[in-house]
Amino acid sequence: QQQVKQSPQSLIVQKGGISIINCAYENTAFDYFPWYQQFPGKGPALLIAIRPDVSEKKEGRFTISFNKSAKQFSLHIMDSQPGDSATYFCAASSTIGTALIFGKGTTLSVSS
Amino acid sequence: KAGVTQTPRYLIKTRGQQVTLSCSPISGHRSVSWYQQTPGQGLQFLFEYFSETQRNKGNFPGRFSGRQFSNSRSEMNVSTLELGDSALYLCASSGGAMGGREQFFGPGTRLTVL
């Protein structure tokens, strides 16, 4: 069964802190791992994505860390802000034209 | 560049009816995927169309169908609606820089079945 397991389900972080969300996958054929951010009433927005030939990718305050041997990847949000409060989804897919398999989501609340 | 647009944004239907949802992808994108989002099941893949052909299909009953037109616009249809079909239906287009892997989502159509 193709699955992507995401944790934690919810996360509360102080303003300025680091938010960390973890995902694990089973299918070794997955070769594309994006993260999406979704605000209430909106569609998911692509944040950052990584391929397995890279162990880390950084874009602004967002960093993906990738551990191919452990089949795990994580999203780090540095200097978390109240505006980052949203639901975050990790996903994976194996080739162009195949489905994105999503984790169940993490609801992040950044308190000011 | 305009983003993905979906119409209508909200729909209320009754059990047994059918519904058609529309999606216009980002200009130049040829792939359109549809997803269903519910609180219980999360985001689940319905199907993907590329150049008017269904390229991939998820594990949904045959009541869910779709099509794509020559201008890449796509529609999905749900026949004989059930209460459990109440969900946010999301369309995503791809075909951009990262070898076509980046999928950009529209705002969704919120379907309520009474």
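Protein chains in written order, with the numbering used here: chain A, 1 to 112; chain B, 1001 to 1114. The beta-carbon is built from N, C-alpha and C at its ideal position, and this holds for glycine as well.
A distance of 8 Å or more separates the beta carbons of residue 1018 of chain B and residue 1113 of chain B. The residue from B:1031, B:1060 and B:1043 with its alpha-carbon nearest to that of residue 1054 of chain B is B:1031. Excluding five sequence positions before and after residue 79 of chain A, the CB atoms of its chain that fall closer than 7 Å to its own CB belong to 16 and 61, given in chain order. Selection A:42, A:59 and A:8 evaluated against residue 24 of chain A yields A:8 as nearest (Cα-Cα). Counting only residues of its own chain and dropping the five nearest sequence neighbours on each side, residue 63 of chain A has a CB closer than 6 Å to the CB of 76. Residues of chain A with a Cβ closer than 7 Å to the Cβ of residue 1043 of chain B are, in chain order, 89 and 102. Residues of the same chain with a CB within less than 7 Å of the CB of residue 1043 of chain B, apart from the 5 flanking positions on each side, are 1035 and 1037 in chain order.
DSSP, read as helix, strand or coil, puts residue 17 of chain A in coil. Counting only residues of its own chain and dropping the five nearest sequence neighbours on each side, residue 1010 of chain B has a CB closer than 6 Å to the CB of 1110. The secondary-structure analysis by DSSP pairs residue 1067 of chain B across a beta bridge with B:1075. Of all alpha-carbon atoms in A:33, A:12, A:65 and A:42, the one lying nearest the alpha-carbon of residue 51 of chain A is that of A:33. Chain B places a beta carbon closer than 8 Å to that of residue 43 of chain A, counting this residue as a contact. Under the 8 Å criterion on CB atoms, residue 1107 of chain B is classed as interfacial with respect to chain A. Between the C-alpha atoms of residue 1092 of chain B and residue 1072 of chain B there is a straight-line separation of about 12 Å.
Residue contact check for residue 49 of chain A against chain B: a CB pair falls below 8 Å.
Chain B has a Cβ within less than 8 Å of the Cβ of residue 46 of chain A.
Of all residues in the region 17-32 of chain A, those with a C-beta nearer than 8 Å to a C-beta of chain B are 32, reading in chain order.
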